[in-house]
Amino acid sequence: DTEVTQTPKHLVMGMTNKKSLKCEQHMGHRAMYWYKQKAKKPPELMFVYSYEKLSINESVPSRFSPECPNSSLLNLHLHALQPEDSALYLCASSQSSLAGGYYEQYFGPGTRLTVT
Amino acid sequence: AQSVTQLDSQVPVFEEAPVELRCNYSSSVSVYLFWYVQYPNQGLQLLLKYLSGSTLVKGINGFEAEFNKSQTSFHLRKPSVHISDTAEYFCAVRRSSGGSQGNLIFGKGTKLSVKP
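Quick mapping for you: the protein sequence lines, in order, are chains A and B. In terms of my numbering, the first sequence is numbered consecutively and its last residue is 432. In terms of my numbering, the second sequence is numbered consecutively and its last residue is 289.
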């Protein structure tokens, strides 16, 4: 099973709402990632978790709050978003090693977020 | 820092014709190189990767790419395209040293449109 699942597929939220995006994988991967992809643009890395600890935060505004409650699950909590935050949010996972090397990132289908 | 330039934003081509999608990169350190494909409303799928060794890399769906260190290029080719190859293609780079969950830096993408 090489599947990364993301829910919901689509989300529309107002600027005062609080919502969460969910990502799940059962491949035993210990690294999980959040990317943001604006329309007609490449994905941009937001956060990386390695062994359930936040290892990379690409200077993302605090209105985005990631959480990794266990090795299979990654959440992205959203609060007080702006219309310009509307985008496709992609989750990915990979094996992880502090010793380096390469492990393929497997991407989920994404959650398309619209902020009104 | 690393960067990726995809020289063509759109490439229209007729079915069964050959295609080349161009990618150049810039880096002061050794890198890994990747091509990803994104079909409409889907996540990213890895087509092929260059880590080391042979500079000609073969991937899925009949695609191949050649790493040229002197020209810092990693162009993607397919000898005969199908309608189903219509998608967005992203070239990506990441440093080969450091932790295994290194950042993927994506190019802006090339939209391949295959016409009957």
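The beta-carbon is built from N, C-alpha and C at its ideal position, and this holds for glycine as well.
List the endpoints of the continuous beta strand (DSSP E) containing Tyr-212 of chain B.
Taking the first residue of the second sequence as position 1, residue 212 of chain B is located at position 39. Where Tyr-212 of chain B is concerned, there is no enclosing beta strand (DSSP E), given that its DSSP letter is neither H nor E.
Going by DSSP, which residues form a beta bridge with Glu-383 of chain A?
Counted from its first residue, the first sequence places residue 383 of chain A at position 67. DSSP output for Glu-383 of chain A lists A:Asn-391 as bridge partner(s).
If distances are taken between C-alpha atoms only, which option among B:Ser-200, B:Thr-228, B:Glu-237 comes closest to Arg-268 of chain B?
Locating residue 268 of chain B in the second sequence gives position 95, where the first residue counts as 1. Checking every option, the nearest Cα to that of Arg-268 of chain B belongs to B:Ser-200.
Three-state secondary structure (DSSP) of Pro-399 of chain A:
Here residue 399 of chain A refers to the residue found at position 83 when the first sequence is read from its first residue. Looking at Pro-399 of chain A - three-state DSSP - the assignment turns out to be helix.
Val-266 of chain B - partner residues in DSSP beta bridges:
Here the question's residue 266 of chain B lines up with position 93 in the second sequence. Val-266 of chain B is bridged to B:Leu-206, B:Ile-278.
Thinking C-beta only, is Ser-409 of chain A closer than 8 Å to Met-343 of chain A?
Counting from one through the first sequence, the residue named residue 343 of chain A turns up at place 27. Counting from one through the first sequence, the residue named residue 409 of chain A turns up at place 93. Yes, the Cβ-Cβ distance between Met-343 of chain A and Ser-409 of chain A is below 8 Å.
Through-space distance from Tyr-223 of chain B to Met-348 of chain A, alpha-carbon basis
Within the first sequence, the letter at position 32 stands for residue 348 of chain A. Within the second sequence, the letter at position 50 stands for residue 223 of chain B. Each residue's Cα considered, the two are about 22 Å apart.
So Gln-215 of chain B contacts chain A; which residues on that side make the cut at Cβ distance below 7 Å?
As a first step, residue 215 of chain B must be located in the second sequence, where it is residue number 42. Those within 7 Å of Gln-215 of chain B in chain A are Pro-425.
From the beta carbon of Gln-421 of chain A, is the nearest beta carbon of chain B less than 8 Å away?
Numbered from 1 along the first sequence, position 105 holds the residue referred to as residue 421 of chain A. It does; some Cβ of chain B falls within 8 Å.
Return the CA-CA distance between Glu-188 of chain B and Thr-178 of chain B, expressed in angstroms with no decimal places.
Counted from its first residue, the second sequence places residue 188 of chain B at position 15. Counted from its first residue, the second sequence places residue 178 of chain B at position 5. C-alpha separation (whole angstroms): 26 Å.
When the Cβ atoms of the region 356 to 363 of chain A are set against those of the region 334 to 343 of chain A, are three or more pairs found closer than 8 Å?
no
As assigned by DSSP and simplified to three states, the class of Ser-412 of chain A
Within the first sequence, numbered from 1, the residue matching residue 412 of chain A stands at position 96. Looking at Ser-412 of chain A - three-state DSSP - the assignment turns out to be coil, as it is neither helix nor strand.
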